[in-house]
Each structure stands twice: as C-alpha cells, then as structure tokens.
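Peer 1: Sharing a structure with you now.
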Amino acid sequence: MSRGEVAEEEITRTLADRLEERGWELSSVHYPGTQGGPRFRRVVPGQRAPDAIVPDIVALRGTDLLVVESKPAYSVADVRKLARLASDAYHDDIRRAARVERVEEANLVTGVAFAGECPEPPPAGLVLFLYEHRGIEVRGDVALPP
7 MSRGEVAEEE ITRTLADRLE ERGWELSSVH YPGTQGGPRF RRVVPGQRAP
57 DAIVPDIVAL RGTDLLVVES KPAYSVADVR KLARLASDAY HDDIRRAARV
107 ERVEEANLVT GVAFAGECPE PPPAGLVLFL YEHRGIEVRG DVALPP
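Numbering (the numbering used here), first residue to last: 7 to 152.
Printed below as a string of structure tokens:
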C-alpha cells in the first residue's frame with residue numbers, strides 16, 4: 007500500500023458502521039484476507055465449480071439488499087463483477103440473502119466503496135460510497151437517511 011492510500015479494511019469498516027447507524031442489518035462484512043462470507047453462485051453447465059462472488063458487505067433493510075465491494079481505489083473489475091449479479095443465474099442466492107420468496111420481491115442495490123476519484127462515469131444504478139477522512143459520501147440511488 008502506498009503512502010496516503012487508505013486500507014480496504016478501513017473503508018469497509020467505516021461503511022459498515024455508517025450502514026448500521028442508518029438502520030441496515032449487516033448480513034455479512036468480509037474483510038480482506040478473511041475466509042468465508044456469503045457466496046453468490048452462478049452454476050454454468052459443464053463447469054466443475056460454480057462461478058462465485060463473495061462481496062465485502064451484504065446488508066438488508068426491508069426488501070432492499072445492498073451488496074458492496076470495497077477497494078482502496080475505484081475498481082472497474084469490481085463494477086463488472088457486481089453488474090453480473092443482476093443476471094438470472096444468481097437469482098436463487100439473491101432471493102435467499104434478501105429473505106424473500108421470489109427474487110422479484112427483492113430490490114438489489116449494488117455499490118462500490120473506495121477512496122479517491124472515480125475515473126469514469128459509473129454505470130446507471132451503481133451506488134458510489136466515497137471514503138473521505140473516516141467518513142463516507144454517498145452518490146447514487148440508495149436511501150441512507152440523515
């Protein structure tokens with residue numbers, strides 16, 4: 007980690023604290039280097055092991071399911087990974103994580119948490135959680151009441 011770069015763990019912890027303060031139930035917080043966490047699996051015919059996404063934060067409020075990836079800087083790879091969650095192949099795990107009978111009852115919200123600037127316009131629907139001096143600025147379509 008370069009001098010001045012914020013650790014992924016600090017970003018994840020700060021966002022998890024903020025979400026909890028605002029009424030989100032943290033289903034999972036997965037810090038760098040730890041094992042476990044919920045896996046969103048996509049089974050591909052002919053593939054031996056399922057393609058799995060293990061997000062850094064999974065939080066629930068009502069039927070809103072928030073799935074967040076944290077990095078010290080904006081990660082295009084994480085944005086692409088989160089975009090895959092909307093595909094039908096992940097619906098069973100999303101439904102279970104949101105605790106609903108049908109996936110249509112869940113509101114999947116995806117976001118990336120990072121420090122610094124966003125080098126490109128983010129995809130529509132993606133929430134940006136910008137880490138700034140032990141605080142988080144939210145940009146996007148997720149309701150975090152004051």
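Beta carbons: idealized from backbone N, C-alpha and C, even for Gly. Computed from a predicted model, the values in this text were never measured in an experiment.
I'd like to confirm the pairing. Which residues does DSSP put opposite L72 in its beta bridges?
Peer 2: Note: L72 sits in a beta bridge opposite A65 and V115.
Peer 1: At a cut of 8 Å, does the stretch 64-71 reach the stretch 21-36 through at least three beta carbon pairs?
Peer 2: Yes, the stretch 64-71 is in contact with the stretch 21-36.
Peer 1: Give the C-beta separation of S76 and E14 to the nearest angstrom, bearing in mind that I take them to be a contact with Cβ-Cβ under 8 Å.
Peer 2: About 5 Å separates the two Cβ atoms, so the contact holds.
Peer 1: In the DSSP output, which residue or residues are listed as bridge partners for S34?
Peer 2: Note: S34 sits in a beta bridge opposite V64.
Peer 1: Return the Cβ separation of L91 and I59 in integer angstroms, given the expectation that the two are a contact with Cβ distance under 8 Å.
Peer 2: That pair is a contact at about 6 Å.
Peer 1: Tell me, please, which residues DSSP counts as bridged to V133.
Peer 2: Per DSSP, G117.
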